[in-house]
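Input: a single structure, listed below in structure tokens.
Protein chains in written order, with our numbering: chain U, 1 to 114; chain W, 1 to 111.
Below you can see the structure in the form of structure tokens.
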């Protein structure tokens, strides 16, 4: 079955630690996205990638980094510079960033600072 | 500034009690309005895309409609399994074709 796989489902981070969230898709989509979801707020865009080896900052990129070395993979690193990382993180993909197509989401990773 | 506002924040219905969820938007050049369903602790699941005013889409007990300023998600004779958060998102022509999400409406359907 085609889809988006995020791992791990739950992640705990100590203060000052970098952690990496995995996102893999087998939908052959060009565009991939990382969103952050906090209670009572809409999804906020962290980074997006329109094509392999290319990515752009979203609205809340500070304290995060990404890479897009393969079409299928778009990992997100939450660095120690992110002051409030506890949130639900969602990865998504779509056929093309510019076309009016919907995005498909993974099941999310819940990150908690301990 | 582009923005999306969903109302109400929460809605409690009895099974079989039809109602509507609202999504009001302000955007420079609409490239699509999307509805998603999200269950607790899960990722959003795509429901509908609407592109132009007057367009309607249906799926089981759900029907989405679009005007130039808002969209409605009508739920006919809801069942407890329809309980979820419903998210609305709009894609704009500006800002690098950004997609903006509303905060969602939490729907509770009681048997």
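Where a beta carbon is used, it is the ideal one built from N, C-alpha and C, also for glycine.
All values derive from a computational prediction rather than experimental measurement.
Chain U has no Cβ within less than 8 Å of the Cβ of residue 80/W. By the CB criterion at 8 Å, residue 73/W and residue 38/W fall outside the cutoff. At a Cβ-Cβ threshold of 8 Å, residue 4/U and residue 25/U count as neighbours. Contact between residue 67/W and residue 53/W holds: CB atoms are separated by about 5 Å, below the 8 Å threshold. If you draw a straight line from the Cα of residue 48/U to the Cα of residue 24/W, it is about 25 Å long. In this structure, DSSP gives residue 82/W a helical state, which the three-state scheme calls helix.
For residue 19/U, the uninterrupted beta strand (DSSP E) segment begins and ends at 19-25. The Cβ neighbour count for residue 99/U, taken over all protein chains shown within 10 Å, is under 16; the residue is labelled exposed. Within 8 Å of the CB of residue 103/W, the CB atoms of chain U belong to 40, 41, 42, in sequence order along the chain. Excluding the 5 residues flanking it on each side, residue 101/U has same chain C-beta neighbours closer than 7 Å at 94, 95, in chain order. Of all residues in the segment 30-44 of chain W, only 31, 32, 34, 36, 38, 41, 42, 43, 44 come within less than 9 Å of chain U when Cβ atoms are compared, listed by chain position. At the C-beta level, residue 67/U and residue 23/U stay beyond 8 Å of one another. Listed as beta-bridge partners of residue 75/W by DSSP are 19/W, 62/W. Residue 94/W places its beta carbon less than 8 Å from that of residue 28/W. Closest in alpha carbon position to residue 82/W, among 33/W, 70/W, 17/W, is 17/W.
If you draw a straight line from the Cα of residue 2/U to the Cα of residue 8/W, it comes to about 34 Å. Separation of the CB atoms of residue 83/U and residue 63/U is rounded to 7 Å, and the pair is thereby assigned contact status at 8 Å. Look at the segment 50-61 of chain W: the residues with a C-beta under 7 Å from a C-beta of chain U are 51.
The DSSP assignment places complete beta strand (DSSP E) segments of no fewer than 3 residues inside the segment 67-91 of chain U at 76-78, in order along the chain.
For residue 92/U, the number of other beta carbons within 10 angstroms of its own is at least 16, and it is reported as buried. Taken through DSSP and simplified to helix, strand or coil, residue 10/W comes out as strand. Residue-level contact check: residue 106/U touches chain W, since one or more beta carbons of chain W fall below 8 Å from its beta carbon.
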